[in-house]
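Asker:
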Amino acid sequence: MKNLKSGIAYLLIFVSFFGCKKDLLDQPPKDQLTDASVWSDVKLATLFLNEAYNGVPSGFERGFYLLAAATDEAETGYPWAYSQNWNRGDFTPSDAPRFDAPWGETPTPWGNQYFFIRRANVFLEKIDAVPGDEAVKKVLKGEALFLRALFYHELVRLYGGVPIIDKPQSLENTEALLVKRNTVEECNTFIVADLDAAAAVLPDKRSGAEVGRASKAAALALKGRQLLYAEKWTESAAASKLAMAVPGYSLFPNYEEMFWAANNNNSEVYFSKNYLTQLRTHPSNQFNSLFTMGGWGGTQPTQNLVDEYEMTDGVSYNASPLYNASQPYKNRDPRFGASILFDGAMWNGREIELKEGGQEGLGTANDATKTGYNLRKFMDPAIIKANPDNGYNNWILIRLGEVMLNYAEAQNEAVGPDQSVYVAVNAIRNRPSVNMPSLPAGLTQLQMRNKIRHERSVELAFEEQRFFDLRRWKAADGKYLAETILNSPVYGLKTSIDRTTRTKFKLEDRVYLPKHRLLPVPQQERNINVNLDQNPGWQ
Numbered sequence: 001m002k003n004l005k006s007g008i009a010y011l012l013i014f015v016s017f018f019g020c021k022k023d024l025l026d027q028p029p030k031d032q033l034t035d036a037s038v039w040s041d042v043k044l045a046t047l048f049l050n051e052a053y054n055g056v057p058s059g060f061e062r063g064f065y066l067l068a069a070a071t072d073e074a075e076t077g078y079p080w081a082y083s084q085n086w087n088r089g090d091f092t093p094s095d096a097p098r099f100d101a102p103w104g105e106t107p108t109p110w111g112n113q114y115f116f117i118r119r120a121n122v123f124l125e126k127i128d129a130v131p132g133d134e135a136v137k138k139v140l141k142g143e144a145l146f147l148r149a150l151f152y153h154e155l156v157r158l159y160g161g162v163p164i165i166d167k168p169q170s171l172e173n174t175e176a177l178l179v180k181r182n183t184v185e186e187c188n189t190f191i192v193a194d195l196d197a198a199a200a201v202l203p204d205k206r207s208g209a210e211v212g213r214a215s216k217a218a219a220l221a222l223k224g225r226q227l228l229y230a231e232k233w234t235e236s237a238a239a240s241k242l243a244m245a246v247p248g249y250s251l252f253p254n255y256e257e258m259f260w261a262a263n264n265n266n267s268e269v270y271f272s273k274n275y276l277t278q279l280r281t282h283p284s285n286q287f288n289s290l291f292t293m294g295g296w297g298g299t300q301p302t303q304n305l306v307d308e309y310e311m312t313d314g315v316s317y318n319a320s321p322l323y324n325a326s327q328p329y330k331n332r333d334p335r336f337g338a339s340i341l342f343d344g345a346m347w348n349g350r351e352i353e354l355k356e357g358g359q360e361g362l363g364t365a366n367d368a369t370k371t372g373y374n375l376r377k378f379m380d381p382a383i384i385k386a387n388p389d390n391g392y393n394n395w396i397l398i399r400l401g402e403v404m405l406n407y408a409e410a411q412n413e414a415v416g417p418d419q420s421v422y423v424a425v426n427a428i429r430n431r432p433s434v435n436m437p438s439l440p441a442g443l444t445q446l447q448m449r450n451k452i453r454h455e456r457s458v459e460l461a462f463e464e465q466r467f468f469d470l471r472r473w474k475a476a477d478g479k480y481l482a483e484t485i486l487n488s489p490v491y492g493l494k495t496s497i498d499r500t501t502r503t504k505f506k507l508e509d510r511v512y513l514p515k516h517r518l519l520p521v522p523q524q525e526r527n528i529n530v531n532l533d534q535n536p537g538w539q
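Counting along the sequence shown from 1, when you hit position 277 you're at 277 in our numbering, and nothing is skipped either side.
#1: Closer than 8 Å is the cut-off here; do at least three beta carbon pairs connect the stretch 347–358 with the stretch 224–233?
#2: Is Asp380 near Asn366, with beta carbons less than 9 Å apart?
#3: Might you give, ordered along the chain, the residues of its own chain that have their beta carbon closer than 8 Å to the beta carbon of Phe259, omitting 5 neighbours on each side?
#4: Do the stretch 69–86 and the stretch 480–493 make contact, defined as three or more Cβ pairs closer than 8 Å?
#5: I believe Val162 touches Arg181 by the beta-carbon criterion, under 8 Å. Please report the beta-carbon distance rounded to the nearest angstrom.
#6: Flag this pair as yes or no: are the beta carbons of Arg119 and Ala52 separated by less than 9 Å?
#7: Where does Met379 fall in DSSP's three states?
#8: Could you tell me the distance, in whole angstroms, from the CA atom of Asn87 to the CA atom of Arg510?
#9: Out of Arg466, Tyr373, Leu276, Tyr422, which has the shortest C-alpha to C-alpha gap to Lys494?
#10: Would you kindly report the start and end of the unbroken alpha helix (DSSP H) that includes Ile117?
#11: Between Asn406 and Ser267, is the Cβ-Cβ spacing less than 9 Å?
#12: Are the Cβ atoms of Leu341 and Leu305 separated by less than 9 Å?
#13: Write down every uninterrupted run of the alpha helix (DSSP H) in the stretch 431–471 whose length is 4 residues or greater and which is fully enclosed by it, in chain order.
#14: Could you compute how far the alpha carbon of Pro247 sits from the alpha carbon of Leu202?
#15: My output table needs one value for Asn304: the three-state DSSP class, helix, strand or coil.
#16: Is the number of C-beta pairs between the stretch 251–258 and the stretch 332–340 that are closer than 8 Å three or more?
#17: Go through its chain and collect everything with a Cβ distance to Asp100's Cβ below 8 Å, but skip five positions before and after it.
#18: What are the partner residues of Glu351, as DSSP defines its beta bridges?
#19: Starting from Ala200, trace the alpha helix (DSSP H) in both directions and tell me its first and last residue.
#20: So Val122 and Pro168 are in contact, right, with Cβ under 8 Å, and what is the actual spacing, rounded?
#21: Below 6 Å CB to CB, which residues in the same chain sit around Leu322 once its five sequence neighbours on both sides are set aside?
#22: Helix, strand or coil: how does DSSP classify Trp473 here?
#23: Have a look at Glu351 and Gln327 and give me their C-alpha separation to the nearest angstrom.
#24: Here's the rule I'm using: 16 or more other beta-carbon atoms within 10 Å means buried, otherwise exposed. How should Val38 be labelled?
#25: Measuring CA to CA, which of Gln539, Tyr275, Thr501 is closest to Gln523?
#26: Which partner residues of Trp395 appear in the DSSP bridge assignment?
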């Protein structure tokens with residue numbers, strides 16, 4: 001495969017100083033480093049591994065939208081964004097959506113992840129022979145195993161079974177490059193084994209200059225998610241329970257501010273893609289914030305998602321006595337106001353006018369909202385005021401709130417809604433800044449399943465979980481929920497200039513076919529490797 005071959009003659013381009021210490025500055029100039037010198041010094045080998053952290057996927061680097069815009073959560077304001085291809089369902093194996101970089105000719109997720117898998121494989125092959133502290137090397141190996149597992153996790157949830165490559169490939173044996181796809185089950189076993197090995201040697205939690213590097217807690221949490229996707233309920237619940245038991249983690253009290261740069265690597269974060277510590281930034285605050293504040297309004301919440309938020313009594317808006325059609329956003333789950341900008345919201349020092357004719361009104365400018373709403377989650381006021389195209393709030397990949405919901409779902413599927421399931425879900429609903437009522441007692445397994453699915457939809461909104469949840473969750477008839485939900489229209493809301501009339505309108509119809517549950521294997525990869533089978537439904 002092209003992207004695997006491209007790393008054979010790897011060049012040591014150290015553009016990141018992630019996790020570096022001061023003594024690493026006293027090293028030879030990077031343009032004088034050779035393969036031999038890198039593997040003769042554990043500090044330089046660490047720099048080589050640091051580059052693999054650049055392969056960690058991030059919603060802030062998908063380009064002009066979050067993956068939420070390829071679900072019923074949101075629409076993107078740009079006609080050219082790859083999320084539009086998802087929503088029209090009009091892509092092929094030759095032009096499937098690419099979302100690994102903000103712009104330009106980006107690699108496919110397949111090629112991008114295998115590029116960094118190779119780096120992890122090279123490191124694992126070389127590190128044992130590198131002179132240095134054996135305890136340090138053991139932890140570094142754990143990091144490489146965690147990263148390799150994370151890269152395969154991303155591949156499997158996008159493509160299904162993929163070739164398992166656990167050693168650097170060589171051009172000397174071209175036949176060995178033509179690797180067949182492994183099954184999903186084989187990939188699952190491989191990922192879990194890597195995470196088990198990583199958890200056995202990594203420190204429980206990182207602190208100080210090591211914050212942002214892989215930890216035992218992160219490995220256990222990712223294992224819980226991987227097993228959840230594999231529907232191995234008992235094993236998933238056990239892994240997530242172990243992750244929750246690691247000391248030093250707690251739900252961050254302020255839901256909205258959890259995603260701001262001032263709270264990077266807060267008490268809830270198991271693993272994130274760090275930006276400030278890598279001496280680089282991302283443009284997501286510019287892509288997604290209001291055009292009146294220097295943004296482009298890329299990810300725009302839908303009425304579909306707005307309707308998902310309960311009233312503060314824990315009842316849906318269309319059944320609660322607290323709902324008032326003339327004040328539809330009053331008395332809503334506080335996570336709604338922390339995640340979505342609506343007409344009349346107070347934010348960043350003033351009232352937001354998403355009504356028709358308002359400053360940010362529907363369709364009043366090229367970058368204005370198409371749905372009647374704008375994104376608030378992740379939008380850091382301090383960054384937007386300073387320079388929205390230089391965002392340095394981290395992308396959180398795994399946090400305690402998700403792990404608790406992973407545990408609750410797996411435990412409910414394994415044994416039903418026991419007390420531990422209630423404790424996990426209620427802790428999230430009772431977060432100090434949320435204060436939603438606890439779930440009612442006596443729920444059946446099906447009722448609890450629906451409650452957990454609802455909780456994921458609002459707690460994890462825009463965090464790129466729903467895209468995959470809809471592709472793994474099934475309805476009573478056995479069909480994946482994506483086949484219904486992603487085939488349904490998405491809606492927006494028009495608010496009159498005097499705010500007396502609010503009209504729900506259909507924004508667009510969307511197309512989702514059963515084959516869209518998985519991405520097609522990129523045609524360019526199959527042209528190179530004739531042993532790669534295509535996913536079902538794709539030609």
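From the three backbone atoms N, C-alpha and C, an ideal C-beta is built for every residue, glycine too.
This one's a predicted model, so the numbers in the text were calculated from it and none came from an experiment.
Answerer: In short, the structure shows the following:
#1: no
#2: To locate residue 380, count along the sequence shown from 1; it is residue 380. To locate residue 366, count along the sequence shown from 1; it is residue 366. No, Cβ-Cβ distance for Asp380 and Asn366 is not below 9 Å.
#3: Counted from its first residue, the sequence shown places residue 259 at position 259. For Phe259, where only same-chain residues beyond five positions count, the Cβ hits under 8 Å are Lys377, Phe378, Asp380, Asn393, Ile396.
#4: yes
#5: Mapped onto the sequence shown, residue 162 falls at position 162. Mapped onto the sequence shown, residue 181 falls at position 181. Indeed, because the Cβ distance is near 6 Å, the residues count as touching under 8 Å.
#6: Stepping through the sequence shown from its first residue, residue 119 is reached at position 119. Stepping through the sequence shown from its first residue, residue 52 is reached at position 52. It is a contact, given that the beta carbons lie within the stated cut-off.
#7: The residue labelled residue 379 in the question sits at position 379 within the sequence shown. Coil, per DSSP.
#8: Here residue 87 refers to the residue found at position 87 when the sequence shown is read from its first residue. Here residue 510 refers to the residue found at position 510 when the sequence shown is read from its first residue. Looking at the two C-alpha atoms, the distance is approximately 5 Å.
#9: Looking up residue 494 in the sequence shown gives position 494. When each option's Cα is compared against that of Lys494, the closest is Tyr373.
#10: For the purposes of this step, residue 117 is identified with residue 117 of the sequence shown, where counting begins at 1. Here the alpha helix (DSSP H) through Ile117 covers 109–126.
#11: The residue you call residue 406 lines up with position 406 of the sequence shown. The residue you call residue 267 lines up with position 267 of the sequence shown. No.
#12: One-based indexing of the sequence shown puts residue 341 at position 341. One-based indexing of the sequence shown puts residue 305 at position 305. No, the Cβ-Cβ distance between Leu341 and Leu305 is not below 9 Å.
#13: 445–459
#14: Within the sequence shown, numbered from 1, the residue matching residue 247 stands at position 247. Within the sequence shown, numbered from 1, the residue matching residue 202 stands at position 202. Spanning the two alpha carbons is a distance of roughly 14 Å.
#15: The sequence position of residue 304 within the sequence shown is 304, counting from 1. Of the three classes helix, strand and coil, the one that applies to Asn304 here is helix, per DSSP.
#16: yes
#17: Sequence index remark: in the sequence shown, residue 100 carries index 100 (1-based). Its pLDDT being 45, under 50, Asp100 is placed unreliably in this model, and the value from its coordinates should be taken loosely. The residues are Pro57, Glu61, Arg62, Thr106, Pro107, Thr108, Pro109, Asn112.
#18: Your numbering for residue 351 matches position 351 in the sequence shown. According to DSSP, Glu351 bridges with Met346.
#19: Reading the sequence shown from its first residue, position 200 is the one you call residue 200. From DSSP, the alpha helix (DSSP H) with Ala200 extends over 184–201.
#20: Taking the first residue of the sequence shown as 1, we reach residue 122 at position 122. Taking the first residue of the sequence shown as 1, we reach residue 168 at position 168. Between Pro168 and Val122 the Cβ distance is about 5 Å, and since that is below 8 Å, they are a contact.
#21: For the purposes of this step, residue 322 is taken as residue 322 along the sequence shown, with counting starting at 1. Hits under 6 Å: Met311, Asp313, Asn331.
#22: What you label residue 473 is simply residue 473 of the sequence shown in a count that begins at 1. Trp473: coil per DSSP, three-state reduction.
#23: Taking the first residue of the sequence shown as 1, we reach residue 351 at position 351. Taking the first residue of the sequence shown as 1, we reach residue 327 at position 327. In a straight line, the C-alpha of Glu351 is about 15 Å away from that of Gln327.
#24: On the sequence shown, residue 38 is found 38 positions in, with the first residue counted as 1. Buried is the call here.
#25: Locating residue 523 in the sequence shown gives position 523, counting from the first residue. Per the Cα distances, Gln539.
#26: Taking the first residue of the sequence shown as position 1, residue 395 is located at position 395. Lys273.
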